[in-house]
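One structure below.
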Ligand code: NAI
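Okay, here's the thing in structure tokens:
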């Protein structure tokens, strides 16, 4: 009996005869019929769980249009509304009440060969704060982009949400809230159990930490990232390594890539040295400090001492310029880049910009509109081409819009935002925006780690991913843009993955013996041959 005969009765004849184009086009037309972003999000989630290949073909072929509905900005609303729009589970749920049994629960997950897990505790989702278990949609969204953007096989991905309670009063009082109705607990033992359980149940799994509040983010990255810092299980097996934090490292890489290209454009216009920079970071959380540290590394790898590099940075938080002597107790992650005692104490962003006269202003503050007209106009007054990156997500938390930045700088701005902005026409000229979002880097970093079988994700691998991204622009992009256009994401991810895998091999953390001795072209070819390429019937 032919396949078509066997399938009769399961689908209408036109689907059996139709092939790829039909199912993808049908899904697209259904998507277009939905009125609001959240309806589109719900439709796409259902499509992903019922017709995986159709969903991913649709996503890959329409990535620019569909990305905003599976990721930022819509995913922010999906996290907020999670308990209201819930249909069926799409992430592994681990509750604090199940401590002591996490490995057993994980073993129930139907897929066994997991290569990458994205885990959040929901404590700091985008710039929206503590959203409890609604944060699982961030893990789902990231993994959707690992599949669509890098070609990691969907069966090898695992979204995880840790339910450790929530401090969000609205959720605690919401009868529909699906998570534990208790105040959030912070418990290193629970995290250790989670980490060792993942390592035991899914041996080849890379763990990506996502949207933890900043102190936890830095703490757990330090605790688990190196094999030498390994958590030791009861049977004496070390379980460190095989993890990274995307908010700290992935964002650091993507913004370093954009920054390298931005200073090239700015230096070409002003004639000043590429390295003659004063950079104000508005926001000193995990993303702000993560990006700043990645830029510090760029300067130290290019001839500056650590002290000289640090002098270029001005970190700002909700209390103003971060200094050693402003009178409050600084958390560890801010100390690395605080200004030394005895200098000025500035409180407002306007004061800081006026006095520091920065070449670059980078926003990771969650304060929408913080780069106001006065601040942006000052930047344009001081610099031929000011670099302004309002990177907070989702869109309404962006420190300024692309349209305002173009208008207030008379088109001179070099701009990148975290969430997408449409092109702007100003004085008859059209300007294309840049999206400085870590989805340009994490899919390639993950793919490179998985295929090289890296047992650690070290600084060289992250740094190389940034260089690979900054060098990936083609001739239609490099004169005006900072990043490659999104429709090339799969090729760009393969290129990034190649450099990450090479760095892993060079530093001795790659356990895939095949890589040693391969040329760059051969590694790229190998990586491309492994990319999932859906072809729905
Ligand atoms: P966080 O909560 O750890 O840090 C926020 C920082 O902003 C804190 O240092 C806080 O003191 C500061 N801040 C808050 N109010 C302020 C005010 N009025 N004035 C000055 N500073 C103020 O958050 P995290 O993880 O660092 O993320 C920050 C933002 O960056 C979020 O909106 C997030 O969505 C976005 N982000 C964007 C990424 C991208 O790829 N574009 C990647 C990661 C994060």
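Residue numbers (the numbering used here): 1 to 537.
From the three backbone atoms N, C-alpha and C, an ideal C-beta is built for every residue, glycine too.
Any heavy atom of the ligand NAI inside 8 Å of the beta-carbon of residue i?
| i | result |
| --- | --- |
| residue 420 | no |
| residue 254 | yes |
| residue 209 | no |
| residue 126 | yes |
| residue 168 | no |
| residue 394 | yes |
| residue 317 | yes |
| residue 247 | yes |
| residue 75 | no |
| residue 366 | yes |
| residue 397 | yes |
| residue 438 | yes |
| residue 217 | yes |
| residue 286 | yes |
| residue 282 | yes |
| residue 478 | no |
| residue 370 | yes |
| residue 122 | no |
| residue 251 | yes |
| residue 540 | The chain is shown from 1 up to 537; residue 540 falls before or after that span and cannot be answered. |
| residue 391 | yes |
| residue 83 | no |
| residue 465 | no |
| residue 213 | yes |
Just to confirm my understanding: we take residue i, look at its own chain, exclude 5 residues before and 5 after, and list those with CB closer than 6 Å. What are they?
| i | result |
| --- | --- |
| residue 437 | 418 |
| residue 2 | In this prediction, residue 2 scores a pLDDT of 48, lower than 50, which makes its location untrustworthy; the coordinate-derived value is nonetheless stated afterwards. There are no such residues. |
| residue 250 | 438, 441, 442 |
| residue 544 | Any property of residue 544 remains undetermined from this structure, which presents the chain solely from 1 to 537. |
| residue 36 | none |
| residue 468 | 495, 496, 499 |
| residue 397 | 127, 366, 368 |
| residue 553 | As shown, the chain starts at 1 and ends at 537. That puts residue 553 outside it, with no answer to give. |
| residue 294 | 252, 256 |
| residue 268 | none |
| residue 394 | 72, 73, 76, 126, 419 |
Does the beta carbon of residue i come closer than 9 Å to any beta carbon on chain D?
| i | result |
| --- | --- |
| residue 41 | No chain D is part of this structure, which consists of one protein chain only. |
Residues in the same chain with beta-carbon distance under 8 Å from residue i, minus the five sequence neighbours each way, listed in chain order, please.
| i | result |
| --- | --- |
| residue 49 | 88, 90 |
| residue 20 | Residue placement at residue 20 is poorly supported in this model, since its pLDDT is 48, which falls under 50; the coordinates still yield a value, given next. Only 57, 535, 536, 537 meet the Cβ criterion. |
| residue 6 | Here the model assigns residue 6 a pLDDT of 49, short of 50, so the residue's position is not dependable and the matter cannot be decided. |
| residue 94 | 102, 105, 106, 160, 161, 162, 163, 194 |
| residue 338 | 315, 322, 323, 324, 330 |
In its own chain, which residues sit with a C-beta less than 7 Å from the C-beta of residue i, not counting the 5 before and 5 after it?
| i | result |
| --- | --- |
| residue 477 | 484, 485 |
| residue 528 | 494 |
| residue 426 | 406, 407, 411 |
| residue 43 | 30, 31, 34 |
| residue 312 | 277, 278, 279, 299 |
| residue 515 | 452, 501, 505, 523 |
| residue 346 | 320, 321, 352, 355 |
| residue 286 | 214, 217, 218, 247, 248 |
| residue 112 | none |
| residue 152 | 115, 116, 146, 446, 447, 450, 532 |
Quickly, what does DSSP pair residue i with across the bridge? List them, please.
| i | result |
| --- | --- |
| residue 315 | 281 |
| residue 435 | 417 |
| residue 243 | 207 |
| residue 162 | 94 |
| residue 146 | Beta-bridge pairing links residue 146 to no other residue. |
| residue 444 | Note: residue 444 sits in no beta bridge, so no partner. |
| residue 470 | In the DSSP output, where bridge partners are listed per residue, residue 470 has none listed. |
| residue 454 | 510 |
| residue 45 | The partner list for residue 45 (beta bridge, DSSP) is empty, contrary to what the question assumes. |
| residue 250 | Note: residue 250 sits in no beta bridge, so no partner. |
| residue 118 | 159, 208 |
| residue 520 | Looking at the DSSP assignment, residue 520 forms no beta bridge with any residue, so it has no partner. |
| residue 387 | 360, 414 |
Exercise for the section: Examine the Cβ distances between the region 206-216 and the region 114-132 and report whether three or more of them are shorter than 8 Å. Expected result: The region 206-216 makes contact with the region 114-132: 3 or more CB pairs, one atom from each, lie closer than 8 Å.
Problem - Segment contact, 8 Å Cβ cut-off, at least three pairs: the region 346-356 with the region 307-321 - result: Yes, since at least three Cβ pairs between the region 346-356 and the region 307-321 fall closer than 8 Å, the two stretches touch.
Exercise for the section: Please confirm if the region 240-251 is in contact with the region 268-277, defined as three or more CB-CB distances below 8 Å between the two stretches. Expected result: Using a C-beta cut-off of 8 Å, the region 240-251 makes no contact with the region 268-277, since fewer than three inter-stretch Cβ pairs fall below that distance.
Practice task
Would you check if there are 3 or more beta carbon pairs closer than 8 Å linking the region 457-474 to the region 151-167?
Solution key: Per the Cβ contact rule, the region 457-474 is not in contact with the region 151-167 (fewer than 3 Cβ pairs under 8 Å).
Handout entry: Touching by the beta-carbon criterion (3+ pairs, under 8 Å), the region 177-195 and the region 141-151
Key = They do not touch, by the three-pair rule.
Problem - Touch test, the region 249-260 against the region 183-200, Cβ-Cβ under 8 Å, three pairs minimum - result: Counting C-beta pairs closer than 8 Å gives fewer than three between the region 249-260 and the region 183-200, which falls short of the contact rule.
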